[in-house]
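Adding 76 to a residue's 1-based position in the sequence shown gives its number in this note's numbering. By construction, the Cβ of each residue, glycine as well, lies at the ideal position given by its N, Cα and C atoms. Quick caveat: nothing in here was measured; it's all calculated off a predicted structure. See structure below.
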Amino acid sequence: MSEFEPKILAFVCNWCTYAGADLTGTSRIMYEPNVRIIRTTCSGRIDFMMILKAFAKGADGVIVSGCHPNDCHYTAGNFHARRRWIVFRSLLDFLGFD
(Lines of atoms letter the chains of each structure in order from A and count residues from 1; the text may use other names and numbers.)
(Lines give C-alpha, C1' and ligand atoms only; values in the text may rest on other atoms or scores of the structure.)
Protein backbone atom coordinates (compact mmCIF):
# COMPACT_ATOMS: atom_id res chain seq x y z
CA MET A 1 0.00 0.00 0.00
CA SER A 2 1.35 3.43 -0.90
CA GLU A 3 1.95 6.16 1.64
CA PHE A 4 -0.61 8.99 1.81
CA GLU A 5 0.54 12.11 -0.01
CA PRO A 6 -1.76 15.09 0.59
CA LYS A 7 -2.83 17.33 -2.28
CA ILE A 8 -1.99 20.91 -1.35
CA LEU A 9 -3.29 23.99 -3.15
CA ALA A 10 -1.42 27.26 -2.52
CA PHE A 11 -3.00 30.63 -3.30
CA VAL A 12 -0.08 33.06 -3.50
CA CYS A 13 0.11 36.82 -3.95
CA ASN A 14 1.55 37.97 -7.27
CA TRP A 15 3.57 40.78 -5.68
CA CYS A 16 5.34 38.97 -2.88
CA THR A 17 4.91 35.24 -2.41
CA TYR A 18 4.78 34.33 -6.08
CA ALA A 19 8.14 35.99 -6.62
CA GLY A 20 9.64 33.54 -4.13
CA ALA A 21 7.92 30.60 -5.79
CA ASP A 22 9.13 31.80 -9.18
CA LEU A 23 12.69 32.17 -7.87
CA THR A 24 12.52 28.56 -6.69
CA GLY A 25 11.71 27.47 -10.23
CA THR A 26 14.38 29.60 -11.87
CA SER A 27 16.91 28.25 -9.37
CA ARG A 28 16.02 24.76 -10.63
CA ILE A 29 14.72 23.67 -7.26
CA MET A 30 11.94 21.13 -7.69
CA TYR A 31 8.50 21.69 -6.23
CA GLU A 32 6.85 18.76 -4.54
CA PRO A 33 4.48 17.18 -7.09
CA ASN A 34 1.58 17.26 -4.64
CA VAL A 35 1.63 21.09 -4.36
CA ARG A 36 -0.15 23.26 -6.90
CA ILE A 37 0.35 27.03 -6.95
CA ILE A 38 -2.32 29.49 -8.02
CA ARG A 39 -1.12 33.06 -8.49
CA THR A 40 -3.60 35.73 -7.40
CA THR A 41 -3.42 39.49 -7.75
CA CYS A 42 -3.55 39.86 -3.96
CA SER A 43 -4.19 37.60 -0.97
CA GLY A 44 -7.01 40.00 -0.09
CA ARG A 45 -8.91 38.78 -3.18
CA ILE A 46 -9.20 35.22 -1.87
CA ASP A 47 -12.61 34.49 -0.38
CA PHE A 48 -14.25 31.63 1.50
CA MET A 49 -15.75 30.10 -1.62
CA MET A 50 -12.37 29.70 -3.32
CA ILE A 51 -11.07 27.76 -0.34
CA LEU A 52 -14.22 25.65 0.03
CA LYS A 53 -14.17 24.89 -3.70
CA ALA A 54 -10.55 23.71 -3.42
CA PHE A 55 -11.57 21.24 -0.71
CA ALA A 56 -14.64 20.17 -2.69
CA LYS A 57 -12.42 19.48 -5.72
CA GLY A 58 -10.17 17.17 -3.70
CA ALA A 59 -7.52 19.31 -2.00
CA ASP A 60 -6.39 17.95 1.36
CA GLY A 61 -4.92 21.29 2.40
CA VAL A 62 -4.96 24.92 1.33
CA ILE A 63 -2.30 27.57 1.91
CA VAL A 64 -2.97 31.29 1.53
CA SER A 65 0.21 33.35 1.41
CA GLY A 66 0.54 37.08 0.93
CA CYS A 67 2.76 40.06 1.61
CA HIS A 68 4.35 40.96 4.91
CA PRO A 69 2.34 43.29 7.18
CA ASN A 70 2.55 46.91 5.99
CA ASP A 71 4.14 45.79 2.72
CA CYS A 72 1.07 45.11 0.56
CA HIS A 73 1.16 46.34 -3.04
CA TYR A 74 -2.52 47.28 -2.63
CA THR A 75 -1.98 48.92 0.79
CA ALA A 76 -4.21 46.70 2.95
CA GLY A 77 -5.00 43.51 1.00
CA ASN A 78 -3.03 41.31 3.37
CA PHE A 79 -4.96 42.72 6.34
CA HIS A 80 -8.25 41.97 4.56
CA ALA A 81 -7.06 38.41 4.00
CA ARG A 82 -6.14 38.05 7.67
CA ARG A 83 -9.53 39.31 8.85
CA ARG A 84 -11.29 36.93 6.46
CA TRP A 85 -9.17 34.05 7.68
CA ILE A 86 -10.06 34.71 11.32
CA VAL A 87 -13.78 34.61 10.49
CA PHE A 88 -13.38 31.57 8.22
CA ARG A 89 -11.34 29.72 10.86
CA SER A 90 -14.12 30.35 13.41
CA LEU A 91 -16.65 28.94 10.96
CA LEU A 92 -14.53 25.84 10.35
CA ASP A 93 -14.12 25.32 14.10
CA PHE A 94 -17.88 25.63 14.55
CA LEU A 95 -18.44 23.01 11.82
CA GLY A 96 -15.91 20.67 13.44
CA PHE A 97 -13.02 20.88 10.96
CA ASP A 98 -9.39 20.85 12.09
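Helix, strand or coil at residue i according to DSSP, with G and I counted as helix
i: V141; result: What sits at residue 141 in the sequence shown is Ser, not Val. Three-state result, S141: strand.
i: I84; result: strand
i: I122; result: coil
i: I162; result: helix
i: A105; result: Correcting the residue type first, residue 105 is Ile in the shown sequence and not Ala. It is coil, neither helix nor strand.
Residues near residue i by beta carbon distance below 7 Å, same chain, minus five either side
i: K83; result: N110, G134, A135 and D136
Backbone CA spacing between residue i and residue j [nearest angstrom]
i: H173; j: W161; result: First, the residue type needs correcting, since residue 173 is Phe and not His in the sequence shown. If I take the Cα positions, the gap works out to 14 Å.
i: D147; j: T117; result: 14 Å
i: L99; j: K129; result: 28 Å
i: I90; j: I105; result: Inspection of the sequence shows that residue 90 is occupied by Asn rather than by Ile. Whole-angstrom Cα-Cα distance: 19 Å.
i: L171; j: Y150; result: 32 Å
Counterpart residues of residue i in DSSP-defined beta bridges
i: C89; result: T116
Neighbour flag for residue i against chain B, beta carbons, 9 Å
i: L171; result: Structure shown: chain B not included; a single protein chain is present.
Same chain only: Cβ atoms within 6 Å of residue i, ignoring 5 sequence neighbours per side
i: S112; result: For the record, residue 112 in the displayed sequence is Arg; it is not Ser. The answer, listed in chain order, is L85.
Sequence-distant residues of its chain with Cβ nearer than 8 Å to residue i (five each side left out)
i: D123; result: R160
i: F164; result: F124 and I127
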